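In my numbering, the protein residues as written are 244 to 720.
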RNA sequence: GGCCCUGUCGUCUAAUGGUACAAGAUCGCGGGUUUUCACCCCGCUGACACGGGUUCGAUUCCCGUCAGGGCUGCCA
């Protein structure tokens, strides 16, 4: 049995959409699970919207996610080139063949003529205008611009079995003679994709359900080209929390990050994003958290659902946090550095406070950005003090206690660690007949500038004796 | 409007023609732990869209209704 060949074929018109990332992931998982081939192909035939920058963004996002491709730009392959705009000869040859064999025809109707026809319809009915087939039987070949249209059967059905959606059976009279090639010789999606999938030997096409309706005419094209029809798997849509298509605008309104790059910028771990989007439309028993290898091991088309879902920001953040908690202090230290840097904190990778600081904030963070924010006070010369907190807790009475506390800490000798702080402070409290509650919040504000932070003794241990004393004294002044 | 897909807790998933008072996770709420905030632990609320059939029996199969989504471009 031959190994699967799957592909991800984005169009470079902006950024890698999170829904696109899921399509890429499912294809990639299948290739990795089966030992098949994962192809990356750039569908840049929309010259109005495609840009080189967007191509670069796709590469960057794919690499960040760790979805490496076996064939495609940069890595090459036997079926290249992998940019559609570099394959125009191929499309022209295939279009000519279809015309010759009667599965396609040249259409000389101009855009203006067709537009005029459409506009004759009442406004409400314009949406269901279909091309009337004016040039279907035309035999002459005037020296005029033309598009190539697919010549569809007027009756019959196209049947196929979708790995996700099951048995499909679509009547031909609901399709129309779609344009295959523009008048400038550039193919449209439904043609370019088929020619490429045929010539690249793609055996399984997994894509969003928004392409479900494109499949029957594509199957007709495969048949017309005497090519094997691949398997199809149409993935359910990722919708906004309100159940709408995830356009950039709507997503922004509802606080969802659509571009993959946003997740990187916000300090998600790539594996966490992969986990969240994998669980979207797919599941494996009760398991929620998957490593990359577990996804490869457990992924299966039979467990891909076929109903659309809604993005859930809270659950997404939970998944992110779970992945963060599984990482070692050292890993996280290295990864959080850029986030500290972007906050103006040039912390050295060898700073001894780094890993201990990470350990204290890890259970309080959902992303690396959260983590950097939570760690801020460790690395500033002076903590940013919340004015309200200071007003509430740094009272005259509290300042007196902080002065004493500073002296207690200053008096410590030997190995001064978390336990030592704990022991010494407890002893002092007992001698004063006080409970920790009496000084906890004032001390916290003094040391961190905030009312919520890791435990006091942990904080002292990371800060060190000298800084702890200094901050306590400063707050008491 | 037409065509296509889909309807299980708010959300993402699970299970099944009858051991079932429909399972897990998240969110929400309450409690515990605690120097704060988290983490963690315990508990609670919460769903088979509706109506017909098929069947001894339907959440599960079929039909209809309703609802949601997608497509309906010389976009992808």
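Built from N, CA and C at the ideal position, the CB exists for glycine as well. Small disclaimer: the values here were computed from a predicted structure and weren't measured.
Quiz item: Which value, in whole angstroms, describes the spacing of the CA atoms of residue 705 and residue 600?
Solution: Position 462 of the first chain holds residue 705. Position 357 of the first chain holds residue 600. As the crow flies, the alpha-carbon of residue 705 is around 6 Å from that of residue 600.
Quiz item: Where are the beta strand (DSSP E) runs, 3 residues long or more, that stay fully inside the region 325-387, in chain order?
Solution: Complete beta strand (DSSP E) runs here, min 3: 347-350.
Exercise. Just mark residue 412 as buried or exposed, buried being the case when its beta carbon has 16 or more other beta carbons within 10 Å.
Key: Within the first chain, numbered from 1, the residue matching residue 412 stands at position 169. Exposed.
Exercise. Just mark residue 410 as buried or exposed, buried being the case when its beta carbon has 16 or more other beta carbons within 10 Å.
Key: As a first step, residue 410 is located in the first chain; it is residue number 167 there, counting from the start. Residue 410 should be labelled exposed.
Quiz item: What is the rounded straight-line gap between the Cα of residue 436 and the Cα of residue 423?
Solution: As a working mapping, residue 436 is identified with position 193 in the first chain. As a working mapping, residue 423 is identified with position 180 in the first chain. Here the alpha carbons of residue 423 and residue 436 stand approximately 11 Å from one another.
Exercise. Compute the Euclidean distance between the alpha carbons of residue 642 and residue 608, then round it to the nearest angstrom.
Key: For the purposes of this step, residue 642 is identified with residue 399 of the first chain, where counting begins at 1. For the purposes of this step, residue 608 is identified with residue 365 of the first chain, where counting begins at 1. Their backbone Cα atoms lie some 31 Å apart in a straight line.
Self-check item: DSSP bridge partner residues for residue 313 (one or two, in chain order)
Solution: The residue given as residue 313 occupies position 70 in the first chain. Looking at the DSSP assignment, residue 313 forms no beta bridge with any residue, so it has no partner.
Exercise. Under the assumption that residue 481 contacts residue 262 (Cβ atoms under 8 Å), give the Cβ distance between them as a whole number of angstroms.
Key: What you label residue 481 is simply residue 238 of the first chain in a count that begins at 1. What you label residue 262 is simply residue 19 of the first chain in a count that begins at 1. Sure, about 5 Å apart at Cβ, within 8 Å.
Quiz item: What do you reckon, are the CB atoms on residue 477 and residue 455 nearer than 8 Å?
Solution: The count along the first chain starts at 1 and reaches residue 477 at position 234. The count along the first chain starts at 1 and reaches residue 455 at position 212. Yes.
Quiz item: Beta-carbon separation of residue 721 and residue 429 under 8 Å?
Solution: Past the edges of the chain, shown from 244 to 720, lies residue 721, and the structure says nothing about it.
Exercise. For residue 359, count neighbouring C-beta atoms within 10 Å of its own C-beta (all shown protein chains included) and say buried if the count is 16 or more, exposed if not.
Key: Within the first chain, the letter at position 116 stands for residue 359. The residue in question, residue 359, is exposed, as its Cβ has fewer than 16 Cβ neighbours within 10 Å.
Exercise. Measure the beta-carbon distance from residue 597 to residue 590 and round it to whole angstroms, keeping in mind my assumption that it falls under 8 Å.
Key: In the first chain, counting from the first residue as 1, residue 597 sits at position 354. In the first chain, counting from the first residue as 1, residue 590 sits at position 347. With a Cβ gap of about 6 Å, residue 597 and residue 590 count as contacting.
Practice problem: Determine, using beta-carbon pairs with one atom in the region 511-520 and one in the region 529-537, whether at least three such pairs fall under 8 Å. | Solution: Output reads yes: the region 529-537 touches the region 511-520.
Practice problem: Since I believe residue 542 is in contact with residue 273 (beta carbons under 8 Å), could you give me their beta-carbon distance rounded to a whole number of angstroms? | Solution: Position 30 of the first chain, counted from the start, is the residue given in the question as residue 273. Position 299 of the first chain, counted from the start, is the residue given in the question as residue 542. With a beta-carbon spacing of about 7 Å, residue 273 and residue 542 fall inside the 8 Å limit used to define contacts.
Exercise. Could you have a look at residue 475 and say whether DSSP puts it in helix, strand or coil?
Key: If you number the first chain from 1, residue 475 lands on position 232. In this structure, residue 475 counts as strand in the three-state DSSP scheme.
Quiz prompt | Contact set for residue 633: own chain, Cβ-Cβ below 7 Å, skip 5 residues either direction | solution = Counting from 1 along the first chain, the entry for residue 633 is found at position 390. Residues of the same chain with a CB within less than 7 Å of the CB of residue 633, apart from the 5 flanking positions on each side, are 688 in chain order.
Quiz prompt | Meets three-Cβ-pair contact criterion under 8 Å: the region 486-505 and the region 277-285 | solution = Segments in contact, no.
Quiz item: Which same chain residues, not among the five before or five after residue 724, have their C-beta less than 6 Å away from its C-beta?
Solution: The chain is shown only over 244 to 720; residue 724 falls outside these bounds and no answer can be derived.
Quiz item: Name the DSSP beta bridge partners of residue 432, please?
Solution: In the first chain, residue 432 corresponds to position 189, counting from 1. Its beta-bridge partners do not exist; DSSP assigns none.
Quiz item: DSSP state of residue 293, grouped into three classes?
Solution: Taking the first residue of the first chain as position 1, residue 293 is located at position 50. Looking at residue 293 - three-state DSSP - the assignment turns out to be coil, as it is neither helix nor strand.
Quiz prompt | Of the listed residues 681, 309, 255, 299, nearest to residue 539 (C-alpha basis) | solution = For the purposes of this step, residue 539 is identified with residue 296 of the first chain, where counting begins at 1. Taking the Cα of residue 539 as reference, the smallest distance to any Cα among 681, 309, 255, 299 is reached at 309.
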